[in-house]
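Residue numbers (the working numbering): 11 to 474. Glycine included, every Cβ here is placed at the ideal spot set by N, Cα and C. Structure record follows, encoded as structure tokens.
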């Protein structure tokens, strides 16, 4: 047309826009507004305390202070900070520090009081409250309770905070070439659906979203006549996220899976341990209604401990796996140091899954690790941790296969391979331009490749 702009990319690599098949938008917003406590920023509890001290000095008493991304493995002290560490530098503010995994947090004394957690408080099912061995007093470390603290104890983010946070996250995602992502939080509900839609319509969020919902929230969508796939190319309703701990109740899981499946929803099982992956596979097998695999596409999120027997079960079912190659890079050192030796050969297997004929999509699980897909591609190809150690080099894949995880396979995971995931006539013009071709450089150079331009729907939305 008359308004068409022709761009000469000058030899740069042009690829389909990256699709992150599993991240957490609202946690990314909180991270963007919080103190960065990730290993790239702090290496000791002393440094954490200093950052909190500085924030407390400019924060009114009683107002919450949040820090995100700490990981005790990389701290000089080799332990988590406690309530008493934080009390020393922020005695007048409630403080919450979020673990890199999002499955643990630390509260100081003011925050514990607001949460009503005392020496006699019992942890909710599936969670735990760590205590001082001598006194029985909570030490501030809570496992599996971050969602409760954020939704029931902390005040919700204000409209101004949400606007500031989504602007920061939108820019981060676009600068990484991410044109679509799967929002994988089980607490997503109708309110979040409308919030995301509003951000997109206002031009505050450019990326296309496949929004998962939870076992406790999907019914409101179902009652409104919605199921997986409803929506449009900008916002689409995704799977029902089912959180599985080690060795879940199989009968209850089977009943839930069948109910969700019959309601017209894709299933996405958060399954890390071997026993939970096996339980998810059992549930998927029992909801098999004769439909071909490409009509069901029930997902396993993570699939971290994939033993030979589990892999064979997944192969027989043709299960779709959404995994996180960048965990090899950011956490490989910790895995090699802390995972039982007999389980290391099972960790984040990709080559074996592809050889078994599984569709494997790539993701970051951000903010658990940074969202840059090229670090994920590098990790899938090199199998090297950040410190250079190798983790199962025989599980490496080619650069082409790694890129497919973040394009074709990720589009397949949301039933959208017909409109995205490759550059072809008739598909959405979601494009990323890179300053290097991941398929033509050495593996070590892939993580240094940078995004030059991001295009969504034929419109340039970000330039370096």
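Top-ranked residue by Cα proximity to residue i, from the options
i: residue 49; options: 77, 286 and 231; result: 77
i: residue 469; options: 21, 20, 27 and 23; result: 27
i: residue 316; options: 280, 359 and 338; result: 359
i: residue 154; options: 166, 441, 99 and 137; result: 137
i: residue 396; options: 418, 362, 345 and 422; result: 345
i: residue 164; options: 305, 176, 123 and 182; result: 123
i: residue 169; options: 235, 186, 227 and 209; result: 209
Proximity below 7 Å, CB of residue i to CB of residue j
i: residue 392; j: residue 335; result: no
i: residue 273; j: residue 309; result: no
i: residue 326; j: residue 385; result: no
i: residue 442; j: residue 471; result: no
i: residue 313; j: residue 294; result: no
i: residue 79; j: residue 47; result: yes
i: residue 193; j: residue 219; result: yes
i: residue 99; j: residue 75; result: no
i: residue 289; j: residue 318; result: no
N- and C-terminal bounds of the beta strand (DSSP E) containing residue i
i: residue 251; result: 245-253
i: residue 395; result: Taken as a continuous stretch (DSSP letters only), residue 395 belongs to no beta strand (DSSP E), as it is neither H nor E.
i: residue 372; result: 370-372
i: residue 278; result: 277-281
i: residue 427; result: Counting along the chain, residue 427 falls outside any beta strand (DSSP E), and DSSP gives it neither H nor E.
i: residue 312; result: 309-312
Close Cβ partners of residue i (< 7 Å) along its chain, the five nearest in sequence each way excluded
i: residue 119; result: 93 and 97
i: residue 142; result: 149
i: residue 425; result: 239 and 307
i: residue 241; result: 247
i: residue 449; result: 409 and 410
Per DSSP, cross-strand counterpart(s) of residue i
i: residue 402; result: None, per the DSSP bridge assignment.
i: residue 24; result: 443
i: residue 80; result: 109
i: residue 473; result: 463
i: residue 220; result: 192 and 246
i: residue 333; result: 372
i: residue 30; result: 191
i: residue 148; result: 141
i: residue 46; result: 78
Close Cβ partners of residue i (< 6 Å) along its chain, the five nearest in sequence each way excluded
i: residue 420; result: 29, 31 and 371
i: residue 466; result: 189, 216 and 440
i: residue 114; result: 153
Span of the alpha helix (DSSP H) around residue i
i: residue 383; result: 383-392
i: residue 419; result: 418-423
i: residue 196; result: No alpha helix (DSSP H) holds residue 196; DSSP gives it neither H nor E.
i: residue 286; result: 284-296
i: residue 361; result: 361-365
i: residue 116; result: Residue 116 -> not in any alpha helix (DSSP H); beta strand (DSSP E) instead, spanning 114-117.
i: residue 176; result: 169-185
i: residue 264; result: 260-272
Closer than 6 Å: residue i CB and nearest the ligand MG heavy atom
i: residue 382; result: Here there are no bound small molecules, and the ligand MG is not part of this structure.
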